[in-house]
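Sequential numbering of the sequence shown, starting at 15, is according to my numbering.
A short write-up of the structure that comes next.
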Amino acid sequence: FTPKKNWMNYPNGLVHYQGEYHLFFQYNPYAEVWGHMSWGHAVSRDLVHWEHLPVALREHNGTMIFSGSAVVDSNNTSGLGTKARPPLIAIYTGSGHGRQTQNLAYSLDRGQTWTKYKGNPVIDIHAKDFRDPKVFWYGPAQEWVMVVSLASQKRVRFYASKNLRKWTFLSDFGPASVQNPPNWECPDLYELPVFNDPGSSRWVLVLGLGN
């Protein structure tokens, strides 16, 4: 995949909903260099052929749209849709004015248009390197879990929420003894089954060692 023109980098918010795969990506709508970061958007039914859609989330008032994730809020825990019309929710980092915060946007029309949540930011710890939230639903606890990077501290932080709008701090991981990474970025957390051990699993935390 590539956009028709201009700069792109990280893929964001990969999610499947009502027969379509959604791909969001870091995108500069104005030039072929990094800047004015926004979320470009495309959809596919087979992961090979892609339909380009309008930019989903744009930079506004000097706050760029950095990396994040997207979820289908099937039970409308956020209250931003209805049970019959569950919202797609984007969870992203807003970066500007010397700080980075975690924010929400939602769509009620299968991702065709997006509205930024009026209560943004949903997490603000007044830090300048606090980014790249990965969010997923954890069924056993009936709650959403977020893993997000404190990049320059080489640390990741875990939060939980019942509704995607109010988040509770759980714990930090790191820093660990990794040789000379300038940043910890784009974390992910997922459960994997243990090979040849039915019923056993392990949680895996991965992250990028930024440039």
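Positions of the beta carbon are idealized from the N, C-alpha and C atoms, including for glycine.
Burial state of residue i, where buried means 16 or more other Cβ atoms lie within 10 Å
| i | result |
| --- | --- |
| residue 218 | exposed |
| residue 115 | buried |
| residue 121 | buried |
| residue 164 | buried |
| residue 39 | buried |
| residue 185 | exposed |
| residue 132 | exposed |
| residue 214 | exposed |
| residue 88 | exposed |
| residue 10 | Limits of the chain in this structure are 15 at one end and 225 at the other, which puts residue 10 out of reach. |
| residue 153 | exposed |
| residue 220 | exposed |
Distance between residue j and residue i (C-alpha atoms, nearest Å)
| i | j | result |
| --- | --- | --- |
| residue 48 | residue 80 | 12 Å |
| residue 147 | residue 199 | 10 Å |
| residue 157 | residue 181 | 10 Å |
| residue 138 | residue 113 | 9 Å |
| residue 64 | residue 37 | 9 Å |
| residue 197 | residue 187 | 14 Å |
| residue 176 | residue 145 | 21 Å |
| residue 97 | residue 123 | 14 Å |
| residue 172 | residue 119 | 20 Å |
| residue 60 | residue 77 | 34 Å |
| residue 26 | residue 140 | 23 Å |
| residue 222 | residue 149 | 17 Å |
| residue 85 | residue 210 | 31 Å |
| residue 31 | residue 127 | 15 Å |
| residue 51 | residue 136 | 20 Å |
| residue 100 | residue 93 | 9 Å |
| residue 202 | residue 195 | 17 Å |
Residues that residue i bridges to, as DSSP identifies them
| i | result |
| --- | --- |
| residue 184 | Per DSSP, none; premise fails for residue 184. |
| residue 81 | According to DSSP, residue 81 bridges with nothing at all. |
| residue 26 | 38 |
| residue 61 | Residue 61 pairs with nothing; no bridge assigned. |
| residue 89 | Paired residue(s): none; residue 89 is not in a bridge. |
| residue 99 | According to DSSP, which records beta bridges pairwise, residue 99 is partnered with nothing at all. |
| residue 107 | 116 |
| residue 50 | According to DSSP, which records beta bridges pairwise, residue 50 is partnered with nothing at all. |
| residue 203 | 219 |
Heavy atom of the ligand PLP within 6 Å of residue i beta-carbon
| i | result |
| --- | --- |
| residue 58 | No copy of the ligand PLP occurs in the structure displayed, which carries no ligand at all. |
For residue i, three-class secondary structure by DSSP
| i | result |
| --- | --- |
| residue 141 | strand |
| residue 154 | helix |
| residue 45 | coil |
| residue 32 | coil |
| residue 116 | strand |
| residue 121 | strand |
| residue 163 | strand |
| residue 196 | coil |
| residue 211 | coil |
| residue 73 | coil |
| residue 136 | coil |
| residue 56 | strand |
| residue 129 | strand |
Boundaries of the beta strand (DSSP E) in which residue i is found, first to last residue
| i | result |
| --- | --- |
| residue 215 | 215 to 224 |
| residue 170 | 169 to 175 |
Closer than 7 Å to chain C by CB, residue i
| i | result |
| --- | --- |
| residue 20 | The structure shown contains no chain C; it holds only a single protein chain. |
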